[in-house]
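Trainee: Okay, so the sequence shown: first residue is 4 according to the working numbering, each after it adds one. A virtual CB, placed ideally from N, CA and C, is assigned to each residue, including glycine.
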Amino acid sequence: MKRSMKAGLAAAVVVALSTVAVYAAKGEDEGNAAEIAALAQAKITMTQAVTTAEQHANGRAARAEFDTGKAGSAYDIEVVSGAKVFDVKVDANTGAVLASAEDKGDKEHEHEGHAGPGGEHGEQD
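Written as structure tokens, this is what we have:
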């Protein structure tokens, strides 16, 4: 199961990067082109960053994205560990964990989308 989850995440990354590349090629958003260039220059792959984040938070990655800013490029990875959700930031050039914090907002919203006894999203008639 671990292998299939990583394969699924890798496939999602390929699709996401392909989509961004298409938009940049069409010239619809110059910001995306700069982000693609930064991603191409990153020494750490998203797969490596996900592995680092999963090991750091002792959980499974649920979401990962590449981000560029004044401080440099990094991967923002959401990791689920038991009943907790962590936001882990991994440097795209060194692979170091830059920040890690429990994301209490995602935990609170986790239950909002589930149907309850009163119908969809727990609403009563």
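(1) I'd like the list of long-range same chain contacts for A68, defined as Cβ closer than 6 Å, with 5 residues on each side in sequence excluded.
(2) Please go through the same chain and pick out, in chain order, the residues whose beta-carbon is closer than 8 Å to the beta-carbon of A60, but skip the five residues on each side of it.
(3) Check each candidate in G72, A56, T71 and name the one with the smallest Cα separation from A65.
(4) Give the DSSP-derived three-state secondary structure of I80 in the structure shown.
(5) Taking the alpha carbon of G108 as the reference point, which residue from Q51, K87, G98, D94 has its own alpha carbon closest?
Mentor: Reading from the atomic positions:
(1) As a position in the sequence shown, residue 68 is number 65, starting the count at 1. Reading the sequence as shown, one finds Glu at residue 68 and not Ala. If we look at E68 and ignore the five residues flanking it on each side, its Cβ neighbours are D79.
(2) Here residue 60 corresponds to residue number 57 of the sequence shown, with the count starting at 1. Within the same chain, A60 has close Cβ partners V82, S84, F89, V91, S103.
(3) Here residue 65 refers to the residue found at position 62 when the sequence shown is read from its first residue. Looking at the Cα atoms, A56 is the closest of the given residues.
(4) In the sequence shown, counting from the first residue as 1, residue 80 sits at position 77. It is a strand residue.
(5) As a working note, residue 108 is residue 105 in the sequence shown. If we check each option's Cα against that of G108, K87 comes out closest.
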